[in-house]
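A.B. asks:
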Amino acid sequence: MSRLSYFVKRAVRIDWKRMRETTKTLEKRSGKSHAWLMRDMLDCALKYNAGYVDYKIAEMYKLNDAQRKTVITRGISNNIVRRMNDKAYWHFFDDKTQFNQLFSAYIHRKWLLINADTDPAALADITEGNTQLIGKPLEGSSGQGILKFTEEDWKDGAEAFKQLLLDKGIGILEEMVVQHHDMAALCPTSVNTCRIATLLGDKQQGIVYAFLRIGNGKVMDNVDCGGMAARIDLDSGMLKTVGADKQGNTYEKHPMTGTPIVGFTIPYWEEAKKMCLEAAQKVPQMRFVAWDVAITEDGPTFIEGNSFPSHAIPQFAAHYPDGIGILPEFEKFIDL
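Reading the sequence shown from the start, the letters are residues 7 to 342 in the numbering used here.
#1: To which residues of the same chain is I140 closer than 7 Å at the C-beta, ignoring the five residues directly before and after it?
#2: Find the nearest neighbour of V197 within the set K23, T307, I319 and F294, judged by alpha-carbon distance.
#3: My assumption, with CB atoms under 8 Å, is that L144 sits in contact with T103. Please give the rounded CB distance.
#4: Assign N106 to buried or exposed, taking buried as 16 or more other Cβ atoms, counted over all protein chains shown, within 10 Å of its Cβ.
#5: Could you round the C-beta distance between L108 and K279 to whole angstroms and report it? I think they count as a contact, below 8 Å.
#6: Can you name the start and end residues of the alpha helix (DSSP H) that A278 belongs to?
#7: List in chain order: all unbroken beta strand (DSSP E) runs of 3+ residues lying wholly within the segment 177-243.
#8: How long is the line joining the alpha carbons of K116 and T133, rounded to whole angstroms?
#9: Which residue comes first and which comes last in the alpha helix (DSSP H) that contains A130?
#10: Report all residues from its chain with a CB closer than 6 Å to the CB of T79; omit the five preceding and five following residues, and keep chain order.
#11: What did DSSP end up calling G141 once you bin it into helix, strand or coil?
#12: Out of S242, R219, I120 and F270, which has the shortest C-alpha to C-alpha gap to A300?
#13: Rounded to whole angstroms, how far is the Cβ of P315 from the Cβ of A296, which I believe are closer than 8 Å?
#14: Kindly confirm or deny that the segment 202-214 and the segment 156-171 touch, where touching means at least three C-beta pairs closer than 8 Å.
#15: Under the rule that 16 or more other beta-carbon atoms within 10 Å means buried, what is G135, buried or exposed?
#16: Quick test of your reading: A216 and M234, contact by CB under 8 Å. State the CB separation rounded to the nearest angstrom.
#17: Have a look at C193, F167 and R237 and flag the residue whose alpha-carbon is nearest the alpha-carbon of G223.
#18: Using three-state DSSP, classify N106 as helix, strand or coil.
#19: Hey, Y257 and I267: beta-carbon distance below 8 Å or not?
#20: What does the alpha-carbon distance come out to for the pair M44 and T263?
#21: What is the DSSP secondary structure of F155, counted as helix, strand or coil?
#22: For Y58, which beta-bridge partners are listed by DSSP?
#23: Since C50 and R26 should fall inside the 8 Å C-beta cutoff, what is the C-beta to C-beta distance between them, to a whole number of angstroms?
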């Protein structure tokens with residue numbers, strides 16, 4: 007899809023109200039006029055396939071043309087996914103039960119498909135010995151529809167609990183992941199997961215980027231649910247950047263726990279990388295996958311894999327203080 011056709015397609019769908027609100031926010035941050043920002047956003051949309059959210063998150067109003075060319079905007083990200091991932095194979099990642107079955111060697115927890123045919127005895131079995139369980143829709147992203155259930159929810163028996171799950175739109179029920187104590191020290195309210203993106207490129211294969219997603223008081227660590235992210239050094243597993251959220255706030259220490267973010271090292275980092283690199287070969291038709299990895303006391307485990315990796319986290323301005331974005335990392339793997 008050409009840049010112009012992509013721009014026209016996005017312009018038809020754009021949320022003009024949210025765009026105006028974003029522009030007002032950026033007026034205060036940048037000191038630029040409304041007219042200047044609107045003109046510059048339009049320029050970035052035409053040249054770099056950047057939406058207004060891209061423009062805000064990457065703080066493109068601060069960047070020159072050479073720097074802007076290194077940002078992974080929505081349009082560029084979409085093109086990479088279309089090139090790398092055969093849609094006929096997305097179902098292995100989009101359906102959480104199919105993912106759990108295919109990658110069962112890396113998923114160390116009980117889980118159960120929830121539908122009208124779910125055996126109440128199986129449901130009773132998964133509740134046995136657990137005080138909390140996580141329910142998710144079969145498909146979805148950004149943490150939408152994920153709910154925590156407790157003993158109170160199944161005290162009236164498996165049949166009543168099954169109906170509750172169906173009423174809530176839950177498609178899969180899983181045991182809770184208990185994260186490593188170091189990971190919990192960052193934020194104990196959520197399982198803080200590593201987003202590790204593998205790329206089976208024409209030039210080379212491997213990990214193109216990794217970020218740690220950290221919660222900020224909610225059950226989910228997702229940035230769309232108020233969480234933050236910090237970039238992981240691929241060699242050492244150390245966080246070399248501040249935590250940053252989608253609103254542009256930055257944190258050297260976690261605001262709830264006071265645990266330092268910069269300098270924090272991911273436990274079992276080598277094992278986490280090895281797991282993702284092995285898993286990336288199981289469906290070679292899916293060449294660009296972002297894996298969500300939890301770190302437990304016993305090592306890494308998958309939460310899920312993403313067939314259409316979000317481009318938001320890899321372009322937070324706080325992670326690129328020199329203004330050079332992440333596209334040069336992609337160019338080590340593929341031609342853009």
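A virtual CB, placed ideally from N, CA and C, is assigned to each residue, including glycine.
All of these numbers come straight from a predicted model, not from anything done at the bench.
C.D. replies: On the basis of the data shown:
#1: I152, K154, E180 and M182, listed in sequence order.
#2: T307
#3: 7 Å
#4: buried
#5: About 20 Å separates the two Cβ atoms, so there is no contact after all.
#6: W275 to A285
#7: With a minimum length of 3 residues, the unbroken runs of beta strand (DSSP E) contained wholly in the segment 177-243 fall at 178-181, 200-206, 211-220 and 234-237.
#8: 10 Å
#9: For A130, the enclosing alpha helix (DSSP H) stretches over residues P126 to T133.
#10: Y54, N55, A56 and D60
#11: strand
#12: R219 is the residue among S242, R219, I120 and F270 whose C-alpha sits nearest the C-alpha of A300.
#13: 4 Å
#14: The segment 202-214 makes no contact with the segment 156-171, as fewer than three CB pairs between them are under 8 Å.
#15: exposed
#16: With 8 Å as the limit, A216 and M234 do not qualify as a contact, their Cβ atoms being about 15 Å apart.
#17: C193
#18: The answer is helix: DSSP assigns N106 an H, G or I state.
#19: yes
#20: 39 Å
#21: strand
#22: The beta-bridge partner set that DSSP reports for Y58 is empty.
#23: Contact flag wrong, Cβ pair sits at about 17 Å.
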